[in-house]
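Engineer: Residue numbers (mature numbering (1 follows the signal peptide of the UniProt record, and there is no 0)): -18 to -1, 1 to 148. This is the structure I have questions about; it appears just below.
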């Protein structure tokens, strides 16, 4: 009987100790890792069908202060225009309860072939020219938390813009 009682106490103590999990040790600055893009070609918006690509990246943030309602936390930039400011996007809203120990997750965002998906040749924008059937670009992406901490910058692989449509 004593051995059974001792064994039960030992088993209970093991469960208690096993349930004490240390929180992840993420830095306060967000860190992102490029995971991929849904496809490597997209039609130019002026003469192709409606088209889109989805970009995926993973993130960690040590203090969990990403996203608020109506905030721009994701920034992306077309690699062909390094002098232009990046385009802001809203991060999905993350509830603040329980985020003090750090958060991690995956983000998927979709870019539709609007005016920003355009072929550029010889300082001409969005023109279908048989001499230039394809343009290439990549996107530079970073995120920023509420404290103003900026993540590292990731870069997508080359994406071909089909200039002549179908």
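All residues carry an ideal CB built from backbone N, CA and C; glycine is no exception.
Check the C-beta distance from residue 118 over to residue 142 and give it rounded, since I have them as a contact under 8 Å.
Structural biologist: Confirmed, about 6 Å.
Engineer: Whole angstroms are fine: how far does the CA of residue 116 sit from the CA of residue 50?
Structural biologist: Each residue's Cα considered, the two are about 39 Å apart.
Engineer: Rounded to whole angstroms, what is the Cα-Cα separation between residue 140 and residue 22?
Structural biologist: Near 7 Å, if we compare the C-alpha coordinates of residue 22 and residue 140.
Engineer: State the DSSP-derived secondary structure class of residue 34, mapped to helix, strand or coil.
Structural biologist: In the structure shown, residue 34 sits in a strand (DSSP, three-state: E or B).
Engineer: Whole angstroms is fine: what's the gap from residue 14's alpha carbon to residue 53's?
Structural biologist: Computed Cα separation, rounded: 18 Å.
Engineer: Any idea what DSSP makes of residue 11, helix, strand or coil?
Structural biologist: Three-state result, residue 11: coil.
Engineer: Would you mind stating whether residue 27 and residue 48 have Cβ atoms separated by less than 9 Å?
Structural biologist: No.
Engineer: Is it buried or exposed for residue 133, if we count other Cβ within 10 angstroms and need 16 for buried?
Structural biologist: Answer is buried; the Cβ neighbour count reaches 16.
Engineer: So, for residue 45: in the same chain, excluding its five sequence neighbours on each side, which residues have a beta-carbon less than 6 Å away from its beta-carbon?
Structural biologist: Within the same chain, residue 45 has close Cβ partners 10.
Engineer: Since residue 56 and residue 138 are thought to touch, with beta carbons under 8 Å apart, how far apart are those beta carbons, to the nearest angstrom?
Structural biologist: 13 Å between Cβ atoms; not a contact.
Engineer: Below 9 Å between beta carbons: does that hold for residue 24 and residue 95?
Structural biologist: Their beta carbons are under 9 Å apart, which means residue 24 touches residue 95 by this criterion.
Engineer: Alpha carbon to alpha carbon, what distance is there between residue 17 and residue 147?
Structural biologist: Using only the alpha carbons, I get a separation of about 28 Å.
Engineer: Among 12, 113 and 60, which one has its Cα closest to the Cα of residue 100?
Structural biologist: Comparing Cα-Cα distances from residue 100 to each of 12, 113 and 60, the minimum goes to 60.
Engineer: So is residue 127 buried or exposed if we call it buried at 16+ other beta carbons inside 10 Å?
Structural biologist: Label assigned to residue 127: buried.
Engineer: So, for residue 85: in the same chain, excluding its five sequence neighbours on each side, which residues have a beta-carbon less than 6 Å away from its beta-carbon?
Structural biologist: Excluding positions up to five away in sequence, the list reads 43 and 46.
Engineer: Per DSSP, residue 75 is paired with what?
Structural biologist: Residue 75 pairs with nothing; no bridge assigned.
Engineer: When you compare only the Cα positions, how much space is there between residue 130 and residue 12?
Structural biologist: Cα-Cα distance, rounded: 10 Å.
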